[in-house]
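See below for the structure under consideration.
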Amino acid sequence: MSKKAVLEISNLSKLFKKRLIINDISLKIMPGDIFGLIGANGVGKTTLIKIILDLLKPTYGEVNIFNINSNHKNSRADLAYLPEKFQPSFLLKGHEFLELSMGYLGKKYKKNDAIKLAEVLDLDKNALDNRVTKYSKGMGQKLGLISTFLTEAKLLILDEPMSGLDPHVRIKLKDLLEDYAKKGNTVFFSSHILSDIDEICNRVGVIHNSELCFSGTAKQFKTKYKSDSLERAFLEIIKS
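Residue -15 is where the sequence shown starts when you use this note's numbering, and the numbers rise one by one after that.
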């Protein structure tokens, strides 16, 4: 029996003030995929993510999540999202934010799991007892990642998840994402750090001039553009 797509995007276009932000994008993300979305700033990556989440409506086309149209709230019942500019409430302590987040989703807060994730991501577990107002940007990002993993959602959508993280923490996060996908879960994330995408993604998609100009493996992408790295292959697209 063939697997059903976790995320299927069909002929998606978005016009904004007569400007075409994304044009006729079609894409399938399968169970266990770690899919990396590549593109320069302002090409439509975040717009695409917002449409997937039903935060924006497409001008044309549709999105199905777990075979349910994204117009329906139920389509996102097993999805967790971390935005690029994540900012938890300054009024809350770390543990309070995590417990509130899980409660909102109707899930039990597993404090010990949160502490283990904090240790993996090199966040002092005592920081979870402090108010978020004392957090640095990187600490806030780690709190968002902990919250995302605690959901145990089948689909994670992460917009620039490496933002604000030191190199050694990025390595640990990549290990977490790979382990998460090995359990049959799916990860969809955008990043401007192409070396990270090259390292852990089994599939990549490239948006340029509002269109999905490539979808396949990182190796196929590099072969197509006769390059030894994603950065150089992406540069060839920009130059063409």
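Don't be surprised by glycine CBs; every beta carbon is placed ideally from N, CA and C. Since this is a predicted model, take the numbers as computed values, not measurements.
query	result
Limits of the alpha helix (DSSP H) - the one that Arg216 falls within	Leu214 to Lys223
Reduced DSSP secondary structure (H/G/I, E/B, other) of Glu136	coil
Residue interval of the beta strand (DSSP E) (run including His192)	Arg187 to His192
First and last residue of the uninterrupted alpha helix (DSSP H) at Arg3	Segment Arg3 to Ile13 is the beta strand (DSSP E) holding Arg3; no alpha helix (DSSP H) there.
Simplified DSSP assignment, three categories, for Gly23	coil
DSSP-derived helix/strand/coil call for Thr226	Residue 226 cannot be examined here, being either before or after the span of the chain that is shown, -15 to 224.
Neighbour-count burial assignment, Ile222, 16 or more Cβ in a 10 Å radius	exposed
Leu140 and Gly122 closer than 7 angstroms at C-beta	no
Three-state class that DSSP yields for Tyr88 in the structure shown	helix
CB of Asp8 within 7 angstroms of CB of Asn25, strictly	no
For Ala102, the nearest candidate out of Gly23, Val153 and Ile18 (CA to CA)	Val153
Gly20 versus Val188 - alpha carbon distance	5 angstroms
CA-to-CA distance, Asp97 to Pro228, given in whole angstroms	With the chain covering only -15 through 224, there is no way to say anything about residue 228.
Val271: first and last residue of the uninterrupted beta strand (DSSP E) it sits in	Not covered by the structure: residue 271. The range shown for the chain is -15 to 224.
Cβ-Cβ distance between Val252 and Ile36 below 7 angstroms	Since the displayed the chain opens at -15 and closes at 224, residue 252 lies outside it and no answer follows.
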